[in-house]
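Peer 1:
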């Protein structure tokens, strides 16, 4: 079994009581889809909304940093390996970036 997982922010399945790899994927997806300041009792959770409407290349650089910091803080069982972005192929002018994150589960993590 591989220790590598790929998580996209546009996946929307929520599994109540998720365990193991499914729990990790769901936690990362929650980080990627939460706007900072909207989670009651943890206003620093999620991604910075101030980057909305930032030029695309600049936003990608800043979002990468945000994603790595948030995943390191809130999902310590993984290491971020790669972050890529997809765009809406039907409307390339929309400027919507969807993060796709590849992580590896750290050695010694029991699932």
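Residue numbers (the numbering used here): 4 to 114. Positions of the beta carbon are idealized from the N, C-alpha and C atoms, including for glycine.
Starting from residue 104, follow its DSSP beta bridges and name the residues at the other end.
Peer 2: BP columns for residue 104 point to 10 and 86.
Peer 1: Within its chain, find whatever has a CB closer than 6 Å to the CB of residue 51; leave out the 5 residues flanking it on each side and keep chain order.
Peer 2: So the qualifying residues of the chain are 39 and 69.
Peer 1: On the three-state DSSP scale, how would you describe residue 50?
Peer 2: In this structure, residue 50 counts as strand in the three-state DSSP scheme.
Peer 1: To the nearest angstrom, report how far apart residue 66 and residue 16 are at their CA atoms.
Peer 2: One C-alpha to the other measures close to 23 Å.
Peer 1: If you draw a straight line from the C-alpha of residue 19 to the C-alpha of residue 62, how long is it?
Peer 2: Rounded to the nearest angstrom, the two C-alpha atoms are 33 Å apart.
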